[in-house]
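Read the structure below first, then the notes.
Protein chains: 2
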Amino acid sequence: MTASTTPLALDWVAADWGTSSLRVWAIGADGSVLDKASSDKGMGKIGKADYEPTLLELIGQWIEGVTGPIPVIVCGMAGARQGWTEAAYRTVPCAPVSVDELTRVDTADTRLSVSIVPGLCQMKPEDVMRGEETQLAGLLAGNIAENAAICLPGTHSKWVSLEGGSVARFSSVMTGELFALIGGQSILRHSIGGTTDREPGSTFLNAANQALADPASLTASLFSIRARSLLAEASPEDGSDTLSGLLIGTEIAACRPFWEGRPVHLIGAGPLVARYAAALQQAGVEAIVEDGSGLTLAGLAQVRAGMKEFTP
Amino acid sequence: MTASTTPLALDWVAADWGTSSLRVWAIGADGSVLDKASSDKGMGKIGKADYEPTLLELIGQWIEGVTGPIPVIVCGMAGARQGWTEAAYRTVPCAPVSVDELTRVDTADTRLSVSIVPGLCQMKPEDVMRGEETQLAGLLAGNIAENAAICLPGTHSKWVSLEGGSVARFSSVMTGELFALIGGQSILRHSIGGTTDREPGSTFLNAANQALADPASLTASLFSIRARSLLAEASPEDGSDTLSGLLIGTEIAACRPFWEGRPVHLIGAGPLVARYAAALQQAGVEAIVEDGSGLTLAGLAQVRAGMKEFTP
Numbered sequence: 048m049t050a051s052t053t054p055l056a057l058d059w060v061a062a063d064w065g066t067s068s069l070r071v072w073a074i075g076a077d078g079s080v081l082d083k084a085s086s087d088k089g090m091g092k093i094g095k096a097d098y099e100p101t102l103l104e105l106i107g108q109w110i111e112g113v114t115g116p117i118p119v120i121v122c123g124m125a126g127a128r129q130g131w132t133e134a135a136y137r138t139v140p141c142a143p144v145s146v147d148e149l150t151r152v153d154t155a156d157t158r159l160s161v162s163i164v165p166g167l168c169q170m171k172p173e174d175v176m177r178g179e180e181t182q183l184a185g186l187l188a189g190n191i192a193e194n195a196a197i198c199l200p201g202t203h204s205k206w207v208s209l210e211g212g213s214v215a216r217f218s219s220v221m222t223g224e225l226f227a228l229i230g231g232q233s234i235l236r237h238s239i240g241g242t243t244d245r246e247p248g249s250t251f252l253n254a255a256n257q258a259l260a261d262p263a264s265l266t267a268s269l270f271s272i273r274a275r276s277l278l279a280e281a282s283p284e285d286g287s288d289t290l291s292g293l294l295i296g297t298e299i300a301a302c303r304p305f306w307e308g309r310p311v312h313l314i315g316a317g318p319l320v321a322r323y324a325a326a327l328q329q330a331g332v333e334a335i336v337e338d339g340s341g342l343t344l345a346g347l348a349q350v351r352a353g354m355k356e357f358t359p
Numbered sequence: 048m049t050a051s052t053t054p055l056a057l058d059w060v061a062a063d064w065g066t067s068s069l070r071v072w073a074i075g076a077d078g079s080v081l082d083k084a085s086s087d088k089g090m091g092k093i094g095k096a097d098y099e100p101t102l103l104e105l106i107g108q109w110i111e112g113v114t115g116p117i118p119v120i121v122c123g124m125a126g127a128r129q130g131w132t133e134a135a136y137r138t139v140p141c142a143p144v145s146v147d148e149l150t151r152v153d154t155a156d157t158r159l160s161v162s163i164v165p166g167l168c169q170m171k172p173e174d175v176m177r178g179e180e181t182q183l184a185g186l187l188a189g190n191i192a193e194n195a196a197i198c199l200p201g202t203h204s205k206w207v208s209l210e211g212g213s214v215a216r217f218s219s220v221m222t223g224e225l226f227a228l229i230g231g232q233s234i235l236r237h238s239i240g241g242t243t244d245r246e247p248g249s250t251f252l253n254a255a256n257q258a259l260a261d262p263a264s265l266t267a268s269l270f271s272i273r274a275r276s277l278l279a280e281a282s283p284e285d286g287s288d289t290l291s292g293l294l295i296g297t298e299i300a301a302c303r304p305f306w307e308g309r310p311v312h313l314i315g316a317g318p319l320v321a322r323y324a325a326a327l328q329q330a331g332v333e334a335i336v337e338d339g340s341g342l343t344l345a346g347l348a349q350v351r352a353g354m355k356e357f358t359p
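Chains S and D, in that order, give the protein sequences.
For what it's worth, this note's numbering labels the leading residue of the first sequence as 48, then goes sequentially.
For what it's worth, this note's numbering labels the leading residue of the second sequence as 48, then goes sequentially.
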């Protein structure tokens, strides 16, 4: 999990503590990644008392012999009410992260100085995010325009409109969770199978186009997947591609106010992002794929840089 | 389950064999219901070899001492591929039932003469129904107009357009199943609770109106139920009413081609039908509630009457 690191070189620790996992990075004074580690002890699996020991399990070697408090900057669900310490949402419109609105966490180990990056909330319509705000900060630290449309596909996809470097508004769409539930547990499960790891083909594109043209008909279209397997012996892979296309197409249609007239920065990698990019292309929208893996770390580094400015 | 019936009075047996249950009625020569019985041995719980014994368990007393074959007319999922004997779908447009297109079932007990009423299929867009076609026949046997819009709310709601007494087209909407899945198993389950047995109130109506005005946004609206419970401490009952309103409103909006410019015959009873009636009213549509309980029996009686005409 961890490797030997000269404690003296450690400047701070970055932590992405989500629902299902924890990832940590040891960062040197020059900003370089000295080491990294991960654990499956996500927020969904542990209680409040487990956070500090879980963190120390991963970073204990990094802080051996260290005296002064080491900043540990945490984003994600560790800041939820059921997490380590609740980090109250900041309300949009606002910058993705604010170095003077971090939530401090008391620890028994005095070598740790833990801060949690709060998530964002929106009051009308009501919405929340935790973790994505840090990726947005990472994106803004790069060369992205201060006004942009952003899509982060996933279990609960997020669509974001950045204006002047602030999050103006956002919307969560439960596409990934609906795909898993409908495909795995509804009557459609008999007509759905295989993986969605392959390139988006014509079945996917046809379904996405159908949903883009008539997004109001999603719930009236789903049962056709079952009927098609009964009447036309459509394959489980066809069923899977159709469900995926209908849900992603519906999501893109519903999020038109975010992308109309401008390209979409699509954060992530792999087959899922390829599907979103293909469906966006059907809608006539340019997709700029941004590799998601480094954005969380880049966003946490922005927070660390801000801390240094405030406490030089 | 069953009561004593004079075997001599029995003319035929009506059976509604669905996924989750079996209901049977003993019908006399004058069309009166002599007795009835039911079992939870629906199609989903039994294998092919279990059908005849299951039926005999319920109707054995009725046919004691009977010699000549007693017609048993069955509708529902017993005619599915995984059921007793597959009754191939009849393709719309067509009359809901056709007495010369019944599927005969061979039985070991020669006192039984079993016929299954086939379901209906539609090729474009693909759709299927099993059981509802018999309710439609029952409805047409009453005083309903031969051109009408019909809605049968349920796990998989059916919308039907009758033209000249035929089923011109229909559409299945997975509203009931989606409500159960999303409310019971998605992240929204933490924000949803209580029953939906109460009268449709303002939270339901507001959500239905929102969906009627913007049905394309369903998947983008669902997460607000979670966010509202986090940010505004909305009650689980509010969450439940909102989910119900969003799904029913979306269904009605998607099925506009069925109801536009005419009233809807709403088949069923109880709180669910009250919700559909209230949501239809929000859309400016008149709902004519038809009690669903007797329609299956009325439809099966239509088949029996047709048999007598063909074999007097």
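Cβ atoms here follow ideal geometry from the backbone N, Cα and C, with glycine treated the same way.
Given the structure is predicted, the values throughout are model-derived calculations rather than measurements.
*Assuming G115 of chain D contacts M90 of chain D under a Cβ cut-off of 8 Å, what Cβ separation, rounded to an integer in Å, is found between them?*
About 28 Å; that fails the 8 Å criterion.
*Can you tell me which of the three DSSP states W131 of chain S falls into?*
coil
_8 Å is my cut-off, CB to CB: does V214 of chain S come that close to chain A?_
Here the protein chains are S and D, and chain A is not one of them.
*Identify which residue in S:P172, S:G211 and S:H203 has its Cα closest to the Cα of I191 of chain S.*
S:G211
_Contact between the stretch 151-160 of chain D and the stretch 90-107 of chain D (3+ Cβ pairs under 8 Å)_ = yes
*What residue range is occupied by the uninterrupted alpha helix (DSSP H) comprising A271 of chain D?*
The question names Ala, but residue 271 of chain D in the sequence shown is Ser. That run of the alpha helix (DSSP H) goes L265 to L278.
*Can you give the beta carbon distance from E180 of chain D to G166 of chain D, rounded, assuming they're within the 8 Å contact cut?*
6 Å
*If you draw a straight line from the alpha carbon of V311 of chain D to that of G185 of chain D, how long is it in whole angstroms?*
16 Å
*Can you say whether E224 of chain D is buried or exposed, counting buried as having 16 or more other CB atoms within 10 angstroms of its CB?*
buried
_Suppose you measure from the CA of T138 of chain S to the CA of Q129 of chain S; what does that come to, to the nearest Å?_
20 Å
*Assign Q108 of chain S to one of three DSSP states: helix, strand, or coil.*
coil
*Could you tell me if P304 of chain S is buried or exposed, where buried requires 16 or more neighbouring beta carbons within 10 angstroms of its beta carbon?*
exposed
*asked:* Output needed in chain order: residues of the stretch 249-267 of chain D with a Cβ under 8 Å from some Cβ in chain S.
replied: P262, A263, S264, L265, T266 and A267
_L347 of chain D versus D:S264, D:A274, D:V71 and D:A301, residue with shortest Cα-Cα distance_ = D:V71
*What does I234 of chain S touch in chain D if you count any residue whose Cβ is under 9 Å from its own?*
T202, H203, M221 and E224
*Out of curiosity, what's the CA-to-CA distance linking K83 of chain S and A73 of chain S?*
6 Å
*Taking just the CA atoms, how far does R273 of chain S sit from G94 of chain D?*
21 Å
_Extent of the continuous beta strand (DSSP E) to which T150 of chain D belongs_ = T150 to V152
*Which chain S residues are close to D174 of chain D, counting only those with a beta carbon under 7 Å from its beta carbon?*
F270, S271 and A274
*Take the Cβ of V80 of chain D as the centre, count every other Cβ of all protein chains shown within 10 Å, and call the residue buried at 16 or more, exposed below.*
exposed
*Whose Cβ in chain S lies nearer than 7 Å to the Cβ of S68 of chain D?*
Near S68 of chain D there are no residues of chain S at all, since even the closest Cβ is about 17 Å away, more than 7 Å.
_Check whether chain S comes within 8 Å of L167 of chain D, counting only Cβ atoms and requiring the distance to be less than that._
no
*Backbone secondary structure at A155 of chain S - three-state DSSP*: coil
*Does T243 of chain D get closer than 8 Å to chain S when you measure Cβ to Cβ?*
no
_Looking only at its chain, what residues have a beta carbon closer than 7 Å to the beta carbon of I295 of chain D, apart from the 5 residues adjacent to it on each side?_
T222, A255, R322, Y323 and A326
*Classify R309 of chain S as helix, strand or coil using the three-state DSSP reduction.*
coil
*Beta-carbon separation of I117 of chain D and L57 of chain D under 8 Å?*
yes
*According to the neighbour-count rule (16 or more other Cβ atoms, all chains shown, within 10 Å of its Cβ), is S233 of chain S buried or exposed?*
buried
*Closer than 8 Å to chain D by CB, M170 of chain S*: yes
*Could you pull out every unbroken alpha helix (DSSP H) segment of at least 4 residues lying fully inside the stretch 205-268 of chain D, listed in chain order?*
222-232 and 249-260
*Bridge partner(s) assigned by DSSP for L360 of chain D*: Outside the displayed range of chain D (48 to 359) lies residue 360 of chain D, so it cannot be described from this structure.
*L155 of chain S burial status per 10 Å Cβ neighbour count (16 or more: buried)*: Rather than Leu, the amino acid found at residue 155 of chain S in this sequence is Ala. A155 of chain S should be labelled exposed.
_Counting only Cβ-Cβ distances shorter than 8 Å, please list the residues of the stretch 100-132 of chain S near chain D, keeping chain order._
R128
*Can a CB atom of chain S be found closer than 8 Å to the CB of A301 of chain D?*
yes
*asked:* Is there a Cβ of chain S sitting closer than 8 Å to that of A279 of chain D, yes or no?
replied: yes
*How many Å lie between A267 of chain D and R151 of chain D at the Cα?*
48 Å
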